[in-house]
Amino acid sequence: MNLNQVTVAVTDVPRAIAFYQRLGLKLIVESLPDYARFVCPDGLASFSLSREAHVAAGSTLIYFECEELEAEVARLQGKGVAFEQLPQDQPWLWREAYLRDPDGNRICLYHAGENRLNPPWRLPD
């Protein structure tokens with residue numbers, strides 16, 4: 001089994017499209033006003049948006065892995081993207097930065113390297 005796609009609820013799909021394109025995702029399906037889908041610039045996963053009447057801010061947390069986290073944060077800041085937390089090392093051996101999309105969905109940009117799939121505390125196979 002392989003994860004193919006994650007769909008996130010938003011109240012305004014065109015507004016969310018503009019935001020996620022600014023993050024660097026490539027729009028591949030646009031079915032306004034209800035739906036859009038992107039591919040991530042690195043990797044094979046897709047990411048979609050679905051229009052909902054109400055979205056509870058903070059109810060979703062999306063993780064995007066970045067090989068060059070500091071450079072990615074600087075690139076996005078240069079495009080006017082505001083961060084709630086700049087890159088910080090975490091006790092679980094990831095380096096993370098946090099921001100929110102226009103509906104308040106939380107987004108974590110992170111770098112974990114080998115620790116993403118193989119942390120020291122990983123359970124045996």
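Mapped onto UniProt numbering, the consecutive letters of the sequence shown carry residue numbers 1 to 125. Glycine included, C-beta positions come from ideal geometry on N, C-alpha and C. The structure presented is a predicted model; accordingly, all values stated were derived computationally and were not measured.
Taken in chain order, the complete beta strand (DSSP E) segments of 3 residues or longer contained in the UniProt domain "VOC" (2 to 112) are 5 to 10, 26 to 31, 35 to 39, 46 to 51, 61 to 65, 85 to 89, 95 to 100, 106 to 111. Residue 94 has its alpha-carbon roughly 7 Å from the corresponding atom of residue 110. Contact between residue 81 and residue 99 holds, with the beta-carbon distance rounding to 6 Å and staying under 8 Å. Each residue's CA atom was taken as its position, placing residue 7 and residue 102 some 16 Å apart. A straight line joining the alpha-carbon of residue 36 with that of residue 28 spans about 8 Å. Around residue 14, the same chain offers 32, 33 as residues with beta carbons nearer than 8 Å, after the five sequence neighbours per side are excluded. Assignment of residue 115 by DSSP, reduced to helix, strand and coil, places it in the helix class.
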